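Below is one structure; the comments refer to it alone.
Residue numbers (our numbering), protein chains in the order written: chain A, 237 to 761; chain B, 145 to 364.
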């Protein structure tokens with residue numbers, strides 16, 4: 237018998253040690269190696285622009301540079317003028333609303349609200365010159381700003397509040413002779429500063445990404461793959477792949493991880509299977525705003541507080557503004573965990589003139605569509621920006637105030653701090669009614685997080701979601717998640733039965749013990 | 145007349161203990177997946193659970209083969225005969241040192257309550273666990289590579305059924321381990337399942353029958 241017990245123990249030990257030691261070994265990821273090799277070979281330019289005589293001259297205006305560009309690239313302006321970067325709007329099909337032209341002209345955000353009436357300031361990030369109040373620079377191809385995207389000297393900058401013209405100190409000759417494919421700095425100079433400051437809007441697009449290391453972004457890391465924006469945002473005919481859903485509605489032209497990594501990038505199949513319902517970004521971007529803060533909330537209702545008639549500025553320990561008389565109160569965060577949402581690639585939009593039906597709930601300015609049951613939906617990480625912004629209780633419209641002006645007295649809020657007047661002028665500019673009553677309402681914007689992909693060692697682990705409490709996706713309740721969900725009926729009944737079993741055994745066993753000792757006393761056994 | 149009888153064959157014992165081992169291991173990893181506690185780590189728990197599940201299925205296939213080829217399956221046909229005395233024995237007789245109401249023989253080694261419970265396990269609980277487990281494993285998130293015929297919209301009913309079965313098995317094992325001690329002596333049943341031999345009462349007739357059938361006996 238001892239032999240048999242020993243045998244069984246040995247068997248048990250063998251099985252347990254097999255399970256313990258035979259762990260799936262990490263194979264070299266061949267596909268990734270091929271990809272890295274492919275990416276490391278960059279095509280060289282076929283033209284050295286510094287050898288072109290027509291560029292080696294003084295330019296009186298930036299428009300002259302554009303004309304020089306068009307001298308060779310005779311049809312490029314057609315592509316540019318058909319692009320979103322130029323038009324600031326897209327034709328989109330919006331579920332429930334039909335075809336809409338959505339762009340900066342009619343969408344409302346919960347940062348600086350909108351561009352209408354503020355064009356001269358906003359034009360700093362338009363790829364054109366001479367953007368005026370009514371955006372009438374749109375038809376003249378010499379107003380295309382080729383240099384902001386193609387300057388390879390990192391010295392081109394646009395002037396502040398100059399309707400898109402370059403800063404007067406810019407050396408146009410030098411830049412014109414050193415043009416090429418856009419680098420990270422060409423894109424970043426606008427896209428890292430969306431919302432009027434570094435990393436304000438996106439949270440995952442930060443000036444640190446001009447030259448990040450692997451801990452910030454594995455793809456763009458200078459010590460790693462050193463990718464450029466256009467490696468993923470593949471560009472053809474001046475049209476970039478990819479867009480952000482603050483302004484987009486349709487599931488098209490998306491820049492995806494799969495375009496390089498394929499549909500089955502993991503060695504472990506269980507991870508590949510997750511990709512049916514979980515976006516790559518969800519696990520691979522565990523935190524965003526890794527280097528610098530991003531704005532998480534903006535309360536316009538506190539704006540206008542002055543000290544001795546002067547505008548007030550308050551900062552936090554990192555130098556982020558926490559209060560500005562012109563804009564109100566802000567909250568910031570860094571190393572943030574994203575929030576998570578189901579997303580099928582389509583989004584709705586609040587457009588200027590839409591009436592708010594229920595102001596008790598925060599208004600979602602760009603509701604992301606999707607649910608567990610929706611075949612196309614995946615869980616994505618999002619930055620949520622919460623705000624309190626002006627709206628007209630009587631008409632039910634969000635207010636587009638006039639914010640910017642060169643000088644005071646024109647009714648711009650940033651100069652005169654008068655909500656009523658700024659709203660009146662702003663709403664008149666966009667052709668919408670205004671009752672004269674300025675209230676404030678809560679709004680929410682969703683910013684899908686796509687950049688700042690972490691090292692694979694730092695990606696989410698199973699337990700980050702498959703856990704009873706406070707998992708990453710604890711807010712997504714429309715499905716059964718193993719490790720998080722259970723049937724209270726089954727669990728309580730099951731535990732109850734186990735307790736009853738033990739109790740029954742205890743009672744039965746006690747009686748048996750008592751009976752056997754009694755039996756011994758009686759001398760029966 | 146008491147005789148030591150070879151009652152549990154080698155495969156039967158191997159099957160029994162492997163099954164016990166696997167059920168314990170599946171319960172430990174399974175309830176970690178369920179979120180009840182954490183020990184192996186979630187990722188490990190999932191892969192261990194899958195490996196053990198395959199091992200369990202292989203074992204079941206062999207066991208089914210063994211039961212049918214040896215005719216042992218007949219031992220598990222439920223019967224109402226003697227069921228009341230058996231219940232009475234566990235509720236009353238056992239405390240009065242009354243004799244076991246069902247005589248254990250090589251050809252009928254299970255009492256009617258055992259027959260009923262083991263039959264239920266074989267015909268209901270284990271198949272439910274295997275089927276729900278396979279669906280759980282091969283459940284592709286909705287619509288991804290799913291077979292049209294078994295398109296499953298949600299894991300919820302599968303997972304809940306699988307959990308319910310797990311509780312049933314655990315409750316069974318707890319009671320089973322206690323009832324092991326209710327043999328002729330506290331350890332006689334356990335010893336029998338380990339060695340295969342058990343000392344049981346046999347009448348002369350039975351003993352001759354069994355001897356004729358080629359069973360091994362040792363006179364005491």
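Backbone N, C-alpha and C fix where the C-beta goes; we use that ideal spot for every residue, glycine too. Only a predicted model underlies this, so the values are computations on that prediction, with no experimental measurement involved.
Can you tell me whether residue i is helix, strand or coil according to DSSP?
| i | result |
| --- | --- |
| residue 324 of chain A | coil |
| residue 514 of chain A | strand |
| residue 364 of chain B | Residue placement at residue 364 of chain B is poorly supported in this model, since its pLDDT is 35, which falls under 50; the coordinates still yield a value, given next. Reduced to three states, the DSSP call for residue 364 of chain B is coil. |
| residue 533 of chain A | strand |
| residue 678 of chain A | strand |
| residue 289 of chain A | helix |
| residue 295 of chain A | coil |
| residue 564 of chain A | strand |
| residue 526 of chain A | coil |
| residue 355 of chain B | Per-residue confidence for residue 355 of chain B stands at a pLDDT of 48, beneath the threshold of 50, marking its modelled position as unreliable; the derived number appears in the next sentence. Of the three classes helix, strand and coil, the one that applies to residue 355 of chain B here is helix, per DSSP. |
| residue 287 of chain B | Low local confidence applies: a pLDDT of 48 at residue 287 of chain B is under 50, so the model's placement there is unreliable, with the coordinate-based value given in what follows. In the structure shown, residue 287 of chain B sits in coil (DSSP, three-state: anything other than H, G, I, E or B). |
| residue 197 of chain B | helix |
| residue 800 of chain A | Nothing about residue 800 of chain A can be read from this structure; chain A reaches only from 237 to 761. |
| residue 243 of chain A | helix |
| residue 774 of chain A | Coverage of chain A is limited to positions 237 through 761, which leaves residue 774 of chain A absent and any answer about it impossible. |
| residue 481 of chain A | coil |
| residue 760 of chain A | Confidence at residue 760 of chain A is low in this model, with a pLDDT of 44, below 50, so its placement is unreliable and the value that follows should be read with caution. Reduced to three states, the DSSP call for residue 760 of chain A is coil. |
| residue 314 of chain A | helix |
Since residue i meets chain B, which of its residues come closer than 8 Å, beta carbon to beta carbon?
| i | result |
| --- | --- |
| residue 719 of chain A | 177, 178, 179, 186 |
| residue 502 of chain A | The premise fails here: residue 502 of chain A is roughly 12 Å from chain B at the closest Cβ pair, so nothing lies under 8 Å. |
| residue 702 of chain A | 177, 179, 186 |
Along chain A, which residues have their Cβ under 8 Å away from the Cβ of residue i?
| i | result |
| --- | --- |
| residue 255 of chain B | Neighbours of residue 255 of chain B on chain A: none; closest Cβ ~16 Å, over 8 Å. |
| residue 263 of chain B | Correct list: empty, because the minimum Cβ distance to chain A is about 20 Å. |
| residue 318 of chain B | 734, 737, 738, 741 |
As a quick exercise: from the options, pick the residue whose alpha carbon is nearest that of residue i.
| i | options | result |
| --- | --- | --- |
| residue 311 of chain B | B:168, B:297, B:195 | B:168 |
| residue 381 of chain A | A:297, A:578, A:389 | A:297 |
| residue 363 of chain A | A:672, A:299, A:668, A:449 | A:299 |
| residue 719 of chain A | A:711, A:704, A:708 | A:704 |
| residue 266 of chain A | A:390, A:500, A:432 | A:500 |
| residue 343 of chain A | A:287, A:516, A:487, A:666 | A:666 |
| residue 252 of chain A | B:219, B:173, B:338 | B:173 |
| residue 533 of chain A | A:438, A:399, A:612 | A:438 |
| residue 692 of chain A | A:451, A:432, A:480, A:612 | A:451 |
| residue 327 of chain B | B:242, B:212, B:268, B:218 | B:242 |
| residue 278 of chain B | B:303, B:255, B:254, B:264 | B:303 |
Starting from residue i, trace the alpha helix (DSSP H) both ways and give me its first and last residue.
| i | result |
| --- | --- |
| residue 626 of chain A | Run containing residue 626 of chain A: none in the alpha helix (DSSP H); it sits in the beta strand (DSSP E), 614-628. |
| residue 450 of chain A | Segment: none, residue 450 of chain A is in no alpha helix (DSSP H) and carries neither H nor E. |
| residue 424 of chain A | 420-427 |
| residue 658 of chain A | 655-665 |
| residue 652 of chain A | 649-652 |
| residue 356 of chain A | 355-358 |
| residue 307 of chain B | 300-323 |
| residue 466 of chain A | 465-468 |
| residue 411 of chain A | 408-412 |
| residue 262 of chain B | 256-264 |
| residue 341 of chain B | From DSSP, residue 341 of chain B is part of no alpha helix (DSSP H) but of the beta strand (DSSP E) over 341-345. |
| residue 549 of chain A | From DSSP, residue 549 of chain A is part of no alpha helix (DSSP H) but of the beta strand (DSSP E) over 549-551. |
| residue 273 of chain B | 270-282 |
What residue range does the beta strand (DSSP E) around residue i cover?
| i | result |
| --- | --- |
| residue 149 of chain B | 146-150 |
| residue 699 of chain A | Not the beta strand (DSSP E): residue 699 of chain A falls in the alpha helix (DSSP H), residues 698-701. |
| residue 577 of chain A | 575-579 |
If the cut is a Cβ gap below 7 Å, which residues of chain A does residue i touch?
| i | result |
| --- | --- |
| residue 161 of chain B | 244 |
| residue 275 of chain B | The contacting residues do not exist; residue 275 of chain B stays about 17 Å from chain A at best. |
| residue 298 of chain B | 715, 716 |
| residue 238 of chain B | 748 |
Could you list which residues in chain A have their beta carbon closer than 9 Å to that of residue i, in chain order?
| i | result |
| --- | --- |
| residue 338 of chain B | 237, 240, 241, 244 |
| residue 303 of chain B | 716, 718, 721, 722, 723 |
Mind pulling the chain B residues with CB within less than 9 Å of residue i?
| i | result |
| --- | --- |
| residue 730 of chain A | 307, 308, 310, 311, 312, 314, 315 |
Under the criterion of a Cβ to heavy atom distance below 7 Å, does residue i qualify as lining the ligand NAD?
| i | result |
| --- | --- |
| residue 696 of chain A | Ligands in the displayed structure: none, and consequently the ligand NAD is not present. |
Quiz item: Would you say the segment 654-663 of chain A touches the segment 624-639 of chain A, given that touching needs at least three Cβ pairs under 8 Å?
Solution: Three or more beta-carbon pairs drawn from the segment 654-663 of chain A and the segment 624-639 of chain A are found closer than 8 Å, and the two stretches are therefore classed as touching.
**Prompt:** Using 8 Å as the Cβ pair cut-off and three pairs as the minimum, do the segment 402-410 of chain A and the segment 524-537 of chain A touch?
**Reply:** Two segments are said to touch when three or more pairs of C-beta atoms, one from each, lie closer than 8 Å; by this definition the segment 402-410 of chain A does not touch the segment 524-537 of chain A.
- Query: Is the segment 454-473 of chain A in contact with the segment 600-616 of chain A, if contact means three or more CB pairs nearer than 8 Å?
  - Reply: Too few Cβ pairs lie closer than 8 Å, so no.
- Task: Could you tell me whether the segment 621-628 of chain A touches the segment 678-692 of chain A, using the rule of 3 or more Cβ pairs below 8 Å?
- Result: Contact holds: three or more Cβ-Cβ distances are below 8 Å.
* **Stretch pair the segment 434-448 of chain A + the segment 491-499 of chain A: three plus CB contacts closer than 8 Å** => Touching, no.
State whether the segment 190-201 of chain B contacts the segment 230-248 of chain B, with contact taken as three or more CB pairs (one from each stretch) at a distance under 8 Å.
Judged by Cβ distances under 8 Å, the segment 190-201 of chain B makes no contact with the segment 230-248 of chain B, as fewer than three pairs qualify.
Item to complete: Kindly confirm or deny that the segment 544-554 of chain A and the segment 581-590 of chain A touch, where touching means at least three C-beta pairs closer than 8 Å.
Response: Contact between the segment 544-554 of chain A and the segment 581-590 of chain A is absent, with fewer than three C-beta pairs closer than 8 Å.
With a threshold of 8 Å, are at least 3 pairs of Cβ atoms found where one atom belongs to the segment 259-268 of chain B and the other to the segment 220-228 of chain B? Counting Cβ pairs under 8 Å, three or more are found: they touch.
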